[in-house]
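J.:
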Amino acid sequence: MSLTNPNIPEDVRAVAANGTQLRYKLMELTAQYPDAIALGRGDPDLATPPHIIQATESAIRQQRTGLAPVAGLPELRQAVAQKLRSDNGLPADTENVIITTGGQEALFLIMQVLLDPGDEVLVPDPRYTSYDEAIDSAGGKIVLVPTDHADAFNLRPEAVEAAITPRTKAILLITPSNPTSGIVTEERLREIAAIAVRHNLVVISDEIYEKFVYSPWKHFSIGSLPNMAERTITLNGFSKSYAMTGFRVGYVSAPRNFIEAMAKVKAVTTGPAATISQWAAHAAVTGPQDAIADFHRIYSERRQLMMDGLHKMHLDFSEPRGAFFLWTNSSPTGIHATELSYLLLKEGRVLIFPGTGFGENWGGYLRISILQSTDLLQEALTRMEPIIARYRATA
Ligand SMILES: Cc1ncc(COP(=O)(O)O)c(C=O)c1O
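Numbering follows the numbering used here, in which position 298 of the sequence shown is assigned residue number 298; successive positions increment by one, without gaps.
1) Beta carbon of Gln104: closer than 6 Å to some heavy atom of ligand 1?
2) Does ligand 1 have a heavy atom nearer than 6 Å to the CB of Ile453?
3) Identify every residue that forms a DSSP beta bridge with Asp206.
4) Counting Cβ pairs closer than 8 Å, one from the segment 209 to 221 and one from the segment 151 to 161, do we hit at least three?
5) Measure the alpha-carbon distance for Leu114 versus Ala280 and round it to whole angstroms.
6) State the beta-bridge partners of Gly182 as determined by DSSP.
7) If the criterion is Cβ atoms closer than 7 Å, does the pair Val202 and Leu172 meet it?
8) Please identify the residue among Arg383, Val268, Thr382 whose C-alpha is closest to the C-alpha of Pro69.
9) Is the closest heavy atom of ligand 1 to the C-beta of Ser331 under 6 Å?
10) For a test of the three-state rule: what should DSSP assign to Phe247, helix, strand or coil?
11) Mind reading off the beta-carbon distance from Ser369 to Arg41? Whole number of angstroms is fine, and I expect it under 8 Å.
12) What is the C-beta distance between Val252 and Ile53, in whole angstroms, given that I count them as a contact (C-beta under 8 Å)?
13) Kindly provide the ranges of any beta strand (DSSP E) runs that are 3 or more residues long and lie completely inside the segment 86 to 136, ordered along the chain.
14) Which residues bound the beta strand (DSSP E) around Ile335?
15) Tell me the rounded alpha-carbon separation between Asn16 and Thr30.
16) Check whether the segment 233 to 251 touches the segment 272 to 292, taking contact to mean three or more Cβ pairs, one atom from each stretch, closer than 8 Å.
17) Is any heavy atom in ligand 1 found nearer than 6 Å to the beta carbon of Asn200?
18) On the criterion of 16 or more Cβ atoms from any shown chain inside 10 Å, does Leu340 qualify as buried, or is it exposed?
19) For ligand 1, any of its heavy atoms closer than 6 Å to the Cβ of Ile208?
20) Whole angstroms is fine: what's the gap from Ala71's alpha carbon to Pro272's?
21) Pair every Cβ in the segment 17 to 27 with every Cβ in the segment 356 to 363, then say whether three or more of these pairs are closer than 8 Å.
22) Where does the unbroken alpha helix (DSSP H) through Arg381 begin, and where does it stop?
23) Helix, strand or coil for Ser330? Go by DSSP, reduced to three states.
24) Assuming the contact rule is C-beta atoms closer than 8 Å, Leu366 and Ser331 should be a hit. Round their C-beta distance to whole Å, please.
25) Which whole-angstrom value is the C-beta distance of Gly139 and Pro117, which I expect to be below 8 Å?
26) Tell me the rounded alpha-carbon separation between Glu319 and Phe325.
27) Please state whether the Cβ-Cβ distance between Arg256 and Glu95 is less than 7 Å.
28) Are the beta-carbon atoms belonging to Thr56 and Thr270 less than 7 Å from one another?
29) Determine, using beta-carbon pairs with one atom in the segment 374 to 384 and one in the segment 338 to 352, whether at least three such pairs fall under 8 Å.
30) Does ligand 1 have a heavy atom nearer than 6 Å to the CB of Ser239?
31) Using DSSP with H/G/I as helix, E/B as strand and the rest coil, what is Ala38?
32) Around the C-beta of Ala14, are 16 or more other C-beta atoms found within 10 angstroms, so that it is buried, or is it exposed?
33) Under 7 Å between the Cβ atoms of Leu109 and Val285?
34) Quick check: the Cα distance between Tyr33 and Ile292, rounded to an integer number of angstroms?
35) Short check: CB of Pro157 to CB of Ile192, under 7 Å?
36) What is the DSSP secondary structure of Gly322, reduced to helix, strand or coil?
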């Protein structure tokens, strides 16, 4: 499917080949429509739990406003290491943890430290394209590993192995996945771990959506497997689990020398993460965890509502096993997803990212997020329906 509609404005067309820029352009256009319903970004719309807000207020009142150490507040690093041991089975200690300014900075620092020019990183496709930029800017090369709808976008170990070359440095895993909401199952992770050991590869495991996995599926951390801790870099953060996107706190767990190297780069870029935010994160990870269960219940309801709505429109999607997205096959409409996104925004006032926001091969998919109230999700479905039906009829 190609991008043909002459009504697509030039500024959208100009960035259509770059997933990240395309997503940002569509968000910019959405700001022009006050009545738009945004099902684009992956940032939780739910309120940050009150005890985290209180901890933030008290950090401010107590003037905890000085600079933290570059790798993070020792109290937070220690609490995160404890969480990684108990929730994820990783053999992590304080020295294995660095606190970053969101997962976004973490993924950039990881690539800066890990890659030499020409090193290849295996990246499952479709993908969170921020990794493209991070790999590019470190002089690395992305090698795409295909995943497919028929397999619920689970990663196939054979496909990983087939993509390995003498320049391969690392395998990137994002489980649950943005954008597909698929997961890499434990069985497959065990096989992928064996491949990593056999070929002496690093595994980067982005587990930022770990808390939102839907029954009967379960999250599993590859770094907990034997012989994997020394070759696994685990990325996570507070944005998704605790609805704390604006606090900008993420973290990485890795072998100590890798963490030290990351801290050196961090020292000359952003310096430590904001101290107040780190105290908020400390309250999140050491305090009551009930909010996560509440969020999980809310997302489960919304997920069901969206699945029912898309079924009614006869759109096929990959049933989300985790995260916040419905990765939906839009090809029955007969138009390119970038164009369809633009039309859904312009005519329906609903922002939905095209699959091309997550890789050039995905012009037949949409990523619909569930980060709005059920009323707004219902309204978005109502607005989408006639548009989808009209294009399908003429396809
Ligand atoms: C897969 C993935 N990794 C990392 C991030 C970065 O999140 P943050 O910088 O808010 O921690 C995101 C954000 O959407 C994401 O989807």
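Every residue gets a Cβ at the ideal spot worked out from N, C-alpha and C, and that includes glycine. As the structure is a prediction and not an experimental result, all values here were calculated from the model.
T.: Concretely, from the data shown:
1) yes
2) No information on residue 453 is available, as it lies outside the stretch 1 to 395 that the chain covers here.
3) Ile174, Leu235
4) no
5) 29 Å
6) In the DSSP output, where bridge partners are listed per residue, Gly182 has none listed.
7) no
8) Val268
9) no
10) helix
11) 7 Å
12) Val252 to Ile53, Cβ: 26 Å. No contact.
13) 97 to 100, 120 to 125
14) Segment: none, Ile335 is in no beta strand (DSSP E) and carries neither H nor E.
15) Per the sequence shown, residue 16 should be read as Ala rather than Asn. Cα to Cα, the separation comes out at about 16 Å.
16) yes
17) no
18) buried
19) yes
20) 6 Å
21) yes
22) Per the sequence shown, residue 381 should be read as Leu rather than Arg. Taken as a continuous stretch (DSSP letters only), the alpha helix (DSSP H) holding Leu381 covers 374 to 394.
23) coil
24) In fact, because the Cβ distance is near 10 Å, the residues do not count as touching under 8 Å.
25) 3 Å
26) 9 Å
27) yes
28) no
29) yes
30) yes
31) strand
32) exposed
33) no
34) 32 Å
35) yes
36) strand
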